[in-house]
Structures are given as C-alpha cells and as structure tokens.
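Chains as they are written, first to last, in this note's numbering: chain A, 1 to 335; chain Y, 336 to 670. Where a beta carbon is used, it is the ideal one built from N, C-alpha and C, also for glycine.
Number of protein chains: 2
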Amino acid sequence: MTAGQAPDPTFDVLAFGNAIVDVLAQADQAILDRHGLEKGSMRLCDDTEASALYEDMGPAQEISGGSAANTVVGIASFGGRSAFVGKVRDDQLGEVFAHDIRAAGVAFEAPPAADGPSTGRCLVLITDDAQRTMSTYLGIANQLGPGDVPDDLVSSAAVTYLEGYLWEQPEAKEAITRAAAVAHEAGRKVAFTLSDSFCVDRNRAEFVSLIESSVDIVFANEAEITSLFETADFDTALATLRPMVEMAAVTRGAAGSVLVRGDRIEVVSAEPVDEVVDTTGAGDLYAAGVLYGLAVGYDLALAGRLGSLAAAEIISHVGARPEVSLADLAAAVIG
Amino acid sequence: MTAGQAPDPTFDVLAFGNAIVDVLAQADQAILDRHGLEKGSMRLCDDTEASALYEDMGPAQEISGGSAANTVVGIASFGGRSAFVGKVRDDQLGEVFAHDIRAAGVAFEAPPAADGPSTGRCLVLITDDAQRTMSTYLGIANQLGPGDVPDDLVSSAAVTYLEGYLWEQPEAKEAITRAAAVAHEAGRKVAFTLSDSFCVDRNRAEFVSLIESSVDIVFANEAEITSLFETADFDTALATLRPMVEMAAVTRGAAGSVLVRGDRIEVVSAEPVDEVVDTTGAGDLYAAGVLYGLAVGYDLALAGRLGSLAAAEIISHVGARPEVSLADLAAAVIG
Chain A
1 MTAGQAPDPT FDVLAFGNAI VDVLAQADQA ILDRHGLEKG SMRLCDDTEA
51 SALYEDMGPA QEISGGSAAN TVVGIASFGG RSAFVGKVRD DQLGEVFAHD
101 IRAAGVAFEA PPAADGPSTG RCLVLITDDA QRTMSTYLGI ANQLGPGDVP
151 DDLVSSAAVT YLEGYLWEQP EAKEAITRAA AVAHEAGRKV AFTLSDSFCV
201 DRNRAEFVSL IESSVDIVFA NEAEITSLFE TADFDTALAT LRPMVEMAAV
251 TRGAAGSVLV RGDRIEVVSA EPVDEVVDTT GAGDLYAAGV LYGLAVGYDL
301 ALAGRLGSLA AAEIISHVGA RPEVSLADLA AAVIG
Chain Y
336 MTAGQAPDPT FDVLAFGNAI VDVLAQADQA ILDRHGLEKG SMRLCDDTEA
386 SALYEDMGPA QEISGGSAAN TVVGIASFGG RSAFVGKVRD DQLGEVFAHD
436 IRAAGVAFEA PPAADGPSTG RCLVLITDDA QRTMSTYLGI ANQLGPGDVP
486 DDLVSSAAVT YLEGYLWEQP EAKEAITRAA AVAHEAGRKV AFTLSDSFCV
536 DRNRAEFVSL IESSVDIVFA NEAEITSLFE TADFDTALAT LRPMVEMAAV
586 TRGAAGSVLV RGDRIEVVSA EPVDEVVDTT GAGDLYAAGV LYGLAVGYDL
636 ALAGRLGSLA AAEIISHVGA RPEVSLADLA AAVIG
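Encoded structure:
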C-alpha cells in the first residue's frame with residue numbers, strides 16, 4: 001500500500017452492492033410459517049418464490065434499499081461524499097432505485113441494463129416486534145461482474161466498501177476482489193461487511209480468506225462474527241478477527257457496539273429510541289455513521305456514536321433510508 | 336328506479352377511478368416554485384413534465400393510491416365488501432397497484448393491459464405543513480371506456496361510486512354515465528365525488544348536469560362545492576345542492592363535515608389528531624367511513640363520525656391507505 005502518496009480522494013466512500021428496492025409490509029407469524037421463513041433472517045429466492053410470497057403479503061410500500069446502498073445514502077445524509085456501483089434494469093423499479101439514490105446525493109453513474117432479469121427486490125415482512133424477515137429476489141443485481149468495476153472511481157475513493165451479500169456468483173466474487181485490488185493499488189482502504197449470518201454460513205472459508213488478504217475494515221454484527229469463526233463466544237470471535245484487519249466495528253443490537261483498531265477498543269452504547277418500528281437497515285446505517293466519522297477524522301468512540309445515532313434514526317420508522325438529515329441530527333446531538 | 340325489488344347486493348360499494356401509484360416525497364416551497372405548482376392543488380401532467388419533476392424530487396416512497404381506490408380500500412378495512420374498476424398496464428407499477436388493492440381485501444378483477452401507456456402515477460410533494468401538492472401522470476388510467484364497465488358487477492353493488500377525476504376523456508365520461516345507468520337500472524344508488532376544485536373548474540356545467548340527472552349521493556369538500564356553484568358562501572352552495580340529490584356529505588377540513596339528507600342536517604366534528612403528517616387521502620377516507628356507515632345502516636351522524644375517524648387515521652401518517660384496521664379503530668372508539 002502507498003496510502004501516503006495517494007492524491008486527495010474525490011469520494012469518501014464508494015460502495016459496491018446489490019441494487020434493490022424494498023417492498024415492505026406488516027406481517028404476522030402465520031405468513032412466515034406458511035412460507036417456511038425464519039424470523040429475522042434474509043434468504044435469497046427465485047422469481048417464482050418471490051411472486052408466491054408477494055401474492056400472500058399484505059399491502060406494501062416500496063422504498064429503495066440494498067444494504068450497501070443504504071450505507072452510502074446515510075453517508076451522503078451526514079454530508080459525506082459517496083458513490084455506488086450496482087446493477088439495475090431499465091424497468092420502473094430500476095428507475096425508482098436510480099432516482100432515489102441520486103436524489104439522496106449519491107453518485108450513481110452506470111446506465112441501466114437494456115436486457116436481462118428485472119431490477120432486484122427484497123420482500124420485507126415486518127412483524128409486531130419490529131423484526132424484519134427478508135426474501136430477496138436479486139434479479140439483475142446478481143449479474144455484477146469484474147467489467148462493472150470502474151477503476152477510476154475506485155481509485156478516487158478513500159474507502160471502497162464491499163457488501164458480503166454480493167458474494168454469490170463467481171463473477172461478483174471476481175468483481176469484489178478486483179475492486180479491492182484496484183483500491184489498494186491506488187493507496188486506498190477496503191471495507192467489507194459480513195452482511196448476514198446465513199451469508200457467512202454459506203461462504204465462511206472464503207470470507208476469512210478475503211478478509212485476511214484484502215480487507216482493512218470489517219463491519220459485522222454479533223451473529224455474523226461468531227458464525228464466521230464458529231464460536232458461541234463474542235470475545236473469542238473478536239480476538240480472532242483483530243489481528244487480521246486494521247479495524248473492525250461490531251454491533252450488538254440494543255447492547256450497542258464495539259470498535260477496535262490496533263490496541264484500542266471502544267464500547268459504544270446504542271442510542272435510545274422512543275419506539276422501535278422496523279429494524280431494517282440498522283446495521284447499514286451504523287456503518288454509514290462510522291465511515292462518515294472516520295472520513296472526517298473523528299476518533300473511534302465518536303465515529304461509533306455517529307453509527308448509533310444513524311441506526312436509531314432508521315429503526316424509528318419503516319424503511320432503511322433516513323427520513324431526516326443525519327447532518328442535522330448529528331449537529332443537534334453532538335454539536 | 337326499482338330499489339325495493341333489487342336482490343341483496345354482493346358488494347357494498349363498487350368504485351370506478353383512476354388506478355394510480357403515489358410517489359411521495361418531502362418537499363420545500365422552492366421545488367413548487369421551480370415547477371410552477373400551487374400548494375395543495377392537483378394538476379394533470381404528461382410524461383415529460385412528470386419525468387422532469389421526478390428528477391428534481393427528493394428520495395421517494397411508492398404507495399398505491401388513486402382517490403376512489405383509497406376509498407374502497409378504506410371500506411374493506413372497516414369490514415365492508417368493496418370492488419374497484421380502473422386500468423393498469425402489465426408493468427411493475429401495475430403489479431404493485433393490483434397487489435396492494437387485492438391484499439387490502441378489495442375485488443379487482445380486470446387483467447392489466449398488454450399495451451398502451453404505462454400505469455399512472457401521482458407525484459406527491461409533502462411540505463412541512465403536511466399539505467400535499469400533486470402532479471398526476473394518468474398513463475393508461477386515462478383510457479377507461481364504456482367497454483370497461485362490468486354490468487354484472489355494477490348491478491351487484493349497493494352503491495356505485497364514481498370519481499370526478501375520471502371526467503377528462505370523452506370515453507371515460509361515457510363509462511361514468513353508462514355505469515350510473517346500469518346501477519339505476521338494477522335499483523342501486525350512484526355516488527359521485529367532485530374530487531378537486533380545479534377538476535370542478537374544468538367541468539362545472541357537466542358536473543351539475545351529471546349530478547342532476549344521475550347522482551344520488553355527492554361527496555365534496557368546501558372548495559369544490561363553492562366552486563361548483565360559483566359562490567363564496569358555503570351555505571348557499573349547500574342549499575343549491577340539496578334539492579338535486581338524495582344525500583350529500585361535505586368536508587370542511589379541521590372544521591369537520593356537514594351531512595344532509597332530505598330535511599336532516601348533521602354537523603360532525605373532525606377527529607383530533609396528535610400530529611398531521613400528510614393530508615393525502617383525507618377526503619377519500621372520509622368517504623370510506625360514510626359509505627361504510629350507510630352500508631351497515633348507521634344514521635347520518637354516526638356515518639359521518641366514521642368518516643372523521645378514517646380521515647384522522649390517514650392524515651397521521653404518510654400515504655393514503657390505512658396502516659391499521661379501521662374496523663378495530665371504529666370498535667375502540669365507537670364500540
């Protein structure tokens with residue numbers, strides 16, 4: 001790495017992720033049971049399964065989503081400079097995704113594909129306990145390949161943020177490793193989110209190998225990190241991860257989060273919330289706060305605090321995109 | 336009319352209206368000024384204008400809408416039996432509209448069109464004062480014609496509810512008059528909503544003629560009814576309307592509503608709301624409460640109270656479809 005010699009970045013964070021529109025509906029346990037869904041999980045499904053579930057779902061609302069996309073929208077809301085790479089079709093949901101991410105202030109340049117599967121969607125069932133159970137039809141999002149990595153954009157971003165959810169197709173794996181290589185070549189950092197404990201289950205060895213070889217900053221929650229190292233003990237998992245990376249930020253739900261860098265460890269409280277309405281996007285927005293905090297030079301504790309703030313905003317309403325300016329929120333709370 | 340001889344209805348209310356998906360975003364006065372929009376109004380626009388406004392709008396959420404469609408969804412939420420006729424394309428927004436209205440318990444049978452303009456959408460700009468300013472691209476909704484009137488369905492509904500917004504194309508006017516004729520032939524009632532004061536402005540003489548010849552129950556707000564009779568005085572307007580119809584229900588915003596039938600007049604208060612978030616759909620849901628109340632045999636005052644209740648629920652959140660069961664709400668408040 002040649003971090004010291006890189007020119008000033010144009011973007012604080014460039015994210016690669018699945019471009020997804022969320023379809024959110026209130027739900028009860030019965031519909032989870034009918035479709036064999038485990039509460040709180042994310043599963044991938046094909047078009048047929050998605051259609052069957054959609055037909056059985058209640059009235060819904062559509063809000064742009066996608067894990068890494070939510071994160072860069074959060075960074076833009078804090079006032080950071082962010083960009084996104086992900087694939088949409090030239091259909092109505094693709095138009096919705098592109099409009100919303102650009103309107104949020106995120107650079108999103110690639111034109112929509114003229115053929116292939118439709119734009120991806122995530123059917124989100126929100127139960128009364130505010131948990132979300134997600135069934136994702138990836139559609140064309142799944143077809144991200146190494147040819148979609150814009151070298152100049154990667155080189156111009158201080159951090160390239162990669163989503164574990166992408167790690168499904170050989171082509172997407174090539175895209176991820178290529179983006180990481182280009183970023184490091186340009187003297188930039190690579191961040192990676194484990195995304196989901198089931199995603200970790202499917203890709204454990206490859207994730208460990210990717211982290212050891214190509215990742216500087218890891219984002220995870222407790223279930224993901226303990227799954228990654230196949231231990232029930234959080235401290236054991238964190239101790240195993242620490243020597244592999246420059247930094248890690250691990251969320252523990254209502255118990256807050258833990259951030260580590262070198263010898264430093266910071267335990268950060270969760271921000272109190274009047275009512276938890278929908279936990280969709282909590283981890284995505286936590287990452288946004290931390291990455292924005294790092295971009296403006298905050299220490300670990302304050303970066304973690306911004307993460308908690310953004311997560312609290314997102315779980316207090318339906319949908320995984322902020323409804324208020326996170327910059328205003330941060331100014332009001334932190335000053 | 337042969338009301339006494341009609342068989343028991345299968346549906347309480349069948350509505351004809353524009354099938355529309357709402358695209359809702361927070362907005363400031365500046366964007367209204369840039370696009371020459373008058374706050375609180377509804378204007379029709381073409382695809383080009385809609386695209387230009389959409390590009391300038393902030394991140395949005397998509398929630399099924401359409402004025403009369405919102406009304407029949409509200410009736411279903413109260414526990415009433417309702418159906419809808421309106422046109423969608425076989426595109427993603429058409430799928431969203433059809434899914435949401437069916438999932439809400441409304442019968443919606445007509446298959447989507449395989450060609451023609453795309454499914455209609457309404458760009459809703461919500462300002463900080465909770466007002467909504469609407470720009471509607473009707474798309475294929477605009478192509479409703481007399482051939483789309485399902486005679487059997489109309490004959491089987493106690494009330495056929497017609498939306499003034501439909502009164503734009505000669506074909507749609509034919510559809511409305513045909514539906515009214517079929518309903519009366521079957522001994523059923525015809526209800527009509529004036530929809531919007533600009534809509535009344537464009538069609539004043541035809542609306543008066545339609546009401547006199549074919550309408551039993553009129554829904555309106557204060558601006559619409561005073562526009563209809565070109566008077567500044569509410570009481571004058573109401574007195575002019577009364578002899579033309581069997582019944583009328585007229586809303587006055589925070590001042591509540593007035594319902595008249597024959598010699599009876601009932602003044603109903605608005606239901607208090609903690610915070611008015613978005614007034615989209617207030618009139619639509621008021622009509623739902625009144626029509627449901629009439630269907631179950633409530634008197635004017637109690638029917639109006641249900642209208643106030645439903646309107647209060649809808650203005651306390653974003654979107655014009657109820658987020659809770661109106662039947663539960665009615666049971667809790669009225670018993």
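- In this model, H434(Y) and F554(Y) are separated by some 27 Å (Cα to Cα).
- The beta carbon of L329(A) sits closer than 7 Å to those of L309 and E313, all from its chain and outside the five residues before and after it, given in chain order.
- Shortest Cα-Cα distance from V585(Y) to any of V408(Y), R640(Y), L473(Y) and A387(Y) involves R640(Y).
- Secondary structure at F346(Y): strand, using DSSP grouped into helix, strand and coil.
- When the Cα atoms are used, Q92(A) and Q427(Y) turn out to be separated by approximately 6 Å.
- In this model, M469(Y) and K374(Y) are separated by some 9 Å (Cα to Cα).
- Contact annotation for E62(A) against chain Y: Q396, E397, I398 and V431 [CB-CB distance below 8 Å, chain order].
- Only residues of its own chain outside the window of five on either side were considered, and among them T226 have a CB closer than 8 Å to the CB of D233(A), listed in chain order.
- Using a CB distance cut-off of 9 Å, Y161(A) does not count as an interface residue toward chain Y.
- At a cut-off of 9 Å between beta-carbon atoms, G393(Y) makes contact with chain A.
- The stretch 20–68 of chain A contains, as complete alpha helix (DSSP H) runs of 4+ residues, the segments 29–34 and 47–56 (chain order).
- For L388(Y), there are no neighbours in chain A by C-beta distance under 9 Å, as the nearest C-beta there is about 11 Å away.
- By the Cβ neighbour-count rule, E206(A) is exposed, with fewer than 16 other Cβ atoms within 10 Å of its own.
- At a cut-off of 4 residues, the continuous stretches assigned as alpha helix (DSSP H) that sit fully inside the stretch 141–169 of chain A are 151–155.
- Rounded to the nearest whole angstrom, the C-alpha separation of S592(Y) and D531(Y) is 16 Å.
- In the DSSP assignment, L460(Y) falls within the beta strand (DSSP E) that extends over G455 to I461.
- When rounded, the separation of the alpha-carbon atoms in D450(Y) and A385(Y) is 20 Å.
- For S544(Y), the enclosing alpha helix (DSSP H) covers residues S532 to S549.
- The contact set of R321(A) on chain Y, defined by CB atoms closer than 8 Å, consists of P394 in chain order.
- Taking a contact as a CB-CB distance under 8 Å, the pair S549(Y) and V517(Y) does not count as one, their CB atoms being some 11 Å apart.
- Going by DSSP, T575(Y) is part of the alpha helix (DSSP H) stretching over F569 to L576.
- Rounded to whole angstroms, the separation of the alpha carbons of G628(Y) and V72(A) is 48 Å.
- Around I475(Y), the same chain offers K422, R424, A448, G451 and P452 as residues with beta carbons nearer than 6 Å, after the five sequence neighbours per side are excluded.
- L428(Y) has a beta carbon lying within less than 9 Å of a beta carbon in chain A.
- Between L14(A) and T160(A), the C-beta gap is smaller than 9 Å, which places the two residues in contact.
- Assigned with DSSP and collapsed to three states, T471(Y) falls in strand.
- Residues V21 and V23 of the same chain have their beta carbon placed closer than 6 Å to that of E62(A), with the five preceding and five following residues left out of the count.
- L497(Y) sits close to A515(Y), with the two beta carbons spaced by under 9 Å.
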